[in-house]
Structure formats: structure tokens, C-alpha cells
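Numbering (the UniProt record's numbering), first residue to last: 1 to 229.
Every residue, glycine too, gets a C-beta built ideally from N, C-alpha and C.
Scroll down for the structure; my scribbles are underneath it.
This is how it looks when you write it as C-alpha cells:
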């Protein structure tokens, strides 16, 4: 069934707890409340669906991948909202792939393993840290069963410092205006042998910065070893 209407109309229709305005504010939906849901971005639609669930009165609440399409701040906000739904007389079940969100939000974790499209197995509930470790190790100790040949490790291999100096790129101070938005970039550098993560909220200029460094926006380009390239 496809719903039609504005964000506010649909949340008002679903509201059984008189909490509409609270979730419009907390989930940053106030500014899009008059917009039809067919015109929402992925992140806006995700926050809308979370709000539409939270305003209902239920014994069991289920959320399927609630952090999808959300930036870091929005993921933490969504996790707080979902965590806030828990009471002594109800249940909250969440399907989630982001381990940081799992760690932040959960009381217990069930790990699922199997072959996609063939079969799946759900483990007994574990404490959060133990459940995450079972998933990372690929091994269920209570059943002495290994469901993945190799464990998942976040350890990074050491890189020879000489290799790190083989390709160093520097970029100068840059500015970019897009309508009413202004991006200011302090000078910096990076090398061929490292991964740099751009961490920030949606709409803060991460994609614009990448386009600037790639020369797709009219601004100063990065330099290789101090020379324009």
C-alpha cells in the first residue's frame, strides 16, 4: 500500500499517543512537514517512517535498518528515539547493520548467519558486546559452530614511512559558494597510502569538497609535491 499526503497529514493520521509535534521536532521534520512524502529525500523519508511508527500505540515496535540514509548525528538521534520507546510493558526489535548503532542502542543482540536466499539461522540472545564479538569472530561459542572462515578485524597494517612519502598531495585554502551555502576549507594534505574519512552531517559540503579536489568545481585544485596539477 502506497500512502499519499504530506508529512504532517500522515503522522497526524497515525498519531495515537499525542506525540506528533515531539517527533516532528526531534527528528528534524518540522521544516518538511508540508511536503508530500513522494518528494522527500532518502534521509527525510527514513526519519518520517521512524516518526510514523513512534507515534503509534503498540506492544511490539519493529524497525528495519533505521540508520539507513542518515548521517552520523541523525543516526544517534534515531537511536535515542528508538531507545526511548522501550517501556516495562512493550518490546522493541531492531534490524541493524551499523555496529556502532547496535552498541549504542541495544540491550541484547541476536546474530543471524546463513546463505543469502537459501537459509538463515538466528542465534540465542547475547549481551551487546558478546553478540558483536560473535559476529566479528564468525564463531558461535555456545554451539561450537563457525559460520565464517575468517574473523573480521579492524586492525590496520603498518605502512612503511618511505612509501607514505611517495605521493603527497597538498591543497590550499579554498572557498565555494552555492546559492546561500558557503564552504570554507582550511589548507591540508594527504598521501597515497592513507584513507581520509570526511565525517559530518548531510548538507555540510562533503560532496562539494570532493568535487573541488577532483576539479569538477571552479576553484583552486590540489597540488602534487607543491606544484599545481
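If you compare the alpha carbons of 125, 33 and 105 with that of residue 63, the shortest gap goes to 105. Uninterrupted beta strand (DSSP E) stretches at least 3 residues long and entirely within the segment 99-167 occur at 112-115 and 119-122, given in chain order.
Assignment of residue 55 by DSSP, reduced to helix, strand and coil, places it in the coil class. By the C-beta criterion, the segment 56-71 is judged to be in contact with the segment 83-99, since at least 3 inter-stretch pairs fall below 8 Å. For residue 176, the enclosing beta strand (DSSP E) covers residues 174-178. If you draw a 10 Å sphere on the C-beta of residue 214, you find fewer than 16 other C-beta atoms in it, and that means exposed. The C-alpha of residue 190 is placed about 8 Å away from the C-alpha of residue 196.
Collapsing the DSSP output to three states places residue 70 in coil.
Going by DSSP, residue 26 is part of the alpha helix (DSSP H) stretching over 20-26. Residue range 91-95 is occupied by the beta strand (DSSP E) that includes residue 93.
Within the model, the alpha-carbon separation for residue 199 versus residue 177 is close to 20 Å.
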